[in-house]
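Q: Following this message is one structure expressed as structure tokens.
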Amino acid sequence: MKRQTPADQNGMPDRFPVTPVNRVRRMPDRGHYDRATIHAILDAALLCHIAYVIDGRPCCMPTSFWREGEHLYWHGSSASRMIRTQAQGIDLCLTVTHLDALVMARSGFHHSVNYRSAMVFGQARAVEDMEEKRALMDRLVDRIYPGRSSLIRPPNASEVRATSIMRMEIETASAKIRDKHVSDDETDYADVPAWTALYPVTQVLGAPSLCPRQQPGLERPAGMADFAPGARLDEVMTATWRRSFG
Numbered sequence: 016m017k018r019q020t021p022a023d024q025n026g027m028p029d030r031f032p033v034t035p036v037n038r039v040r041r042m043p044d045r046g047h048y049d050r051a052t053i054h055a056i057l058d059a060a061l062l063c064h065i066a067y068v069i070d071g072r073p074c075c076m077p078t079s080f081w082r083e084g085e086h087l088y089w090h091g092s093s094a095s096r097m098i099r100t101q102a103q104g105i106d107l108c109l110t111v112t113h114l115d116a117l118v119m120a121r122s123g124f125h126h127s128v129n130y131r132s133a134m135v136f137g138q139a140r141a142v143e144d145m146e147e148k149r150a151l152m153d154r155l156v157d158r159i160y161p162g163r164s165s166l167i168r169p170p171n172a173s174e175v176r177a178t179s180i181m182r183m184e185i186e187t188a189s190a191k192i193r194d195k196h197v198s199d200d201e202t203d204y205a206d207v208p209a210w211t212a213l214y215p216v217t218q219v220l221g222a223p224s225l226c227p228r229q230q231p232g233l234e235r236p237a238g239m240a241d242f243a244p245g246a247r248l249d250e251v252m253t254a255t256w257r258r259s260f261g
């Protein structure tokens, strides 16, 4: 009897099947295929890199993005050759990486970094419906700053025409995580008198620099509560994603 894959509350299998496309080959014990882990890595990120082939050459485009369910969204100029190429339904690979620590070992071979990464595969299409595109342009803002789209000027017709919103269904994906301290060859612990350590790495927010033309009497919006100086960016992005989509 074929083994059934457990499903989440939306009826989706809670793990992506392991295939030649998403299989983690190097250090397979670091591989993760469950949607919860992959979604968490994606939702903690503001930027991704999208790799594909254009005119026979490899290309990798950095851009902001967000996830809603099993779809990823990003935006670009309607005049962009890269966006027009992506919209043709070609194969794409979207990646996210969080650098969490520098690891100094007793040999160059065992120097490493701690990280959380995800690779997502699929094809993208441009959102053509103008009202849906307007709504997604608002959600792009709200993904980072919850509720802000209701406080600012909405996009005008020219801005909507100049913007492409891309949608990609997550066909398959995998994550790879290293989360451990120094790991040396056993003999090196006693034989190599080298100073070793792990340095945690985080991106943190600084204090806001207010616009010099700010209108008087304005208070920080409630949706910015998570944006405290010193807050970790990945934790803020996770919190704002949950406020808008969770």
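Take 16 as the starting number for the sequence shown in my numbering and just add one per residue. We put the CB at the ideal spot given by N, CA and C, even for glycine.
1. So residue 147 is in the beta strand (DSSP E); what residue range does that whole segment cover?
2. If you draw a straight line from the alpha carbon of residue 76 to that of residue 111, how long is it in whole angstroms?
3. Give a yes or no on whether the C-beta atoms belonging to residue 102 and residue 140 are separated by under 8 Å.
4. What does the alpha-carbon distance come out to for the pair residue 256 and residue 207?
5. Can you check whether the CB of residue 162 is closer than 8 Å to the CB of residue 43?
6. Measure the alpha-carbon distance for residue 164 versus residue 149 and round it to whole angstroms.
7. Which first and last residues belong to the alpha helix (DSSP H) in which residue 134 is found?
8. What span of residues does the alpha helix (DSSP H) with residue 51 cover, start to end?
9. Starting from residue 76, follow the beta strand (DSSP E) in both directions and report where the run begins and ends.
10. Answer yes or no: do residue 209 and residue 121 have a C-beta to C-beta separation smaller than 8 Å?
11. Kindly indicate which residue of 72, 49, 152, 145 has the alpha-carbon position closest to the one of residue 89.
12. Looking only at C-alpha atoms, which of 97, 83, 47, 59 sits nearest to residue 4?
13. Relative to the alpha-carbon of residue 215, which residue among 128, 241, 156, 48 has its alpha-carbon at the smallest distance?
14. So, for residue 248: in the same chain, excluding its five sequence neighbours on each side, which residues have a beta-carbon less than 6 Å away from its beta-carbon?
15. Is the distance from the Cβ of residue 36 to the Cβ of residue 46 below 8 Å?
16. Residues in the same chain with beta-carbon distance under 6 Å from residue 194, minus the five sequence neighbours each way, listed in chain order, please.
17. Tell me the DSSP bridge mates of residue 250?
18. Is it right to say residue 63 is buried, meaning 16 or more other beta carbons lie within 10 angstroms of its own, or is it exposed?
A: Taking the coordinates as given:
1. Within the sequence shown, the letter at position 132 stands for residue 147. No beta strand (DSSP E) holds residue 147; the alpha helix (DSSP H) holding it covers 145 to 159.
2. As a working mapping, residue 76 is identified with position 61 in the sequence shown. As a working mapping, residue 111 is identified with position 96 in the sequence shown. Taking the straight line from one Cα to the other gives about 12 Å.
3. Here the question's residue 102 lines up with position 87 in the sequence shown. Here the question's residue 140 lines up with position 125 in the sequence shown. Yes, Cβ-Cβ distance for residue 102 and residue 140 is below 8 Å.
4. Stepping through the sequence shown from its first residue, residue 256 is reached at position 241. Stepping through the sequence shown from its first residue, residue 207 is reached at position 192. One C-alpha to the other measures close to 46 Å.
5. The count along the sequence shown starts at 1 and reaches residue 43 at position 28. The count along the sequence shown starts at 1 and reaches residue 162 at position 147. Their beta carbons are not under 8 Å apart, which means residue 43 does not touch residue 162 by this criterion.
6. The count along the sequence shown starts at 1 and reaches residue 164 at position 149. The count along the sequence shown starts at 1 and reaches residue 149 at position 134. Within the model, the alpha-carbon separation for residue 164 versus residue 149 is close to 11 Å.
7. Locating residue 134 in the sequence shown gives position 119, where the first residue counts as 1. Premise fails: residue 134 lies in the beta strand (DSSP E), 127 to 141, not in any alpha helix (DSSP H).
8. Along the sequence shown, one-based indexing puts residue 51 at 36. Looking at the DSSP string, the run of the alpha helix (DSSP H) that includes residue 51 is 50 to 58.
9. For the purposes of this step, residue 76 is identified with residue 61 of the sequence shown, where counting begins at 1. Bounds of the beta strand (DSSP E) holding residue 76 are 72 to 83.
10. Translated into the one-based positions of the sequence shown, residue 209 becomes position 194. Translated into the one-based positions of the sequence shown, residue 121 becomes position 106. Judged by beta-carbon spacing, residue 121 lies within the 8 Å limit of residue 209, meaning their Cβ atoms are closer than that value.
11. As a first step, residue 89 must be located in the sequence shown, where it is residue number 74. Residue 89 has its Cα closest to that of 152, out of 72, 49, 152, 145.
12. Any question about residue 4 goes unanswered here, given that the chain covers just 16 to 261.
13. Indexing the sequence shown from 1 puts residue 215 at position 200. Here the closest residue by C-alpha is 128.
14. As a working mapping, residue 248 is identified with position 233 in the sequence shown. Excluding sequence neighbours, residue 248 sits near 218.
15. The count along the sequence shown starts at 1 and reaches residue 36 at position 21. The count along the sequence shown starts at 1 and reaches residue 46 at position 31. Cβ distance not < 8 Å, so residue 36 and residue 46 don't count as in contact.
16. The residue labelled residue 194 in the question sits at position 179 within the sequence shown. Here the set comprises 129.
17. Translated into the one-based positions of the sequence shown, residue 250 becomes position 235. In DSSP, residue 250 forms no bridge with anything.
18. As a working note, residue 63 is residue 48 in the sequence shown. Burial call: buried.
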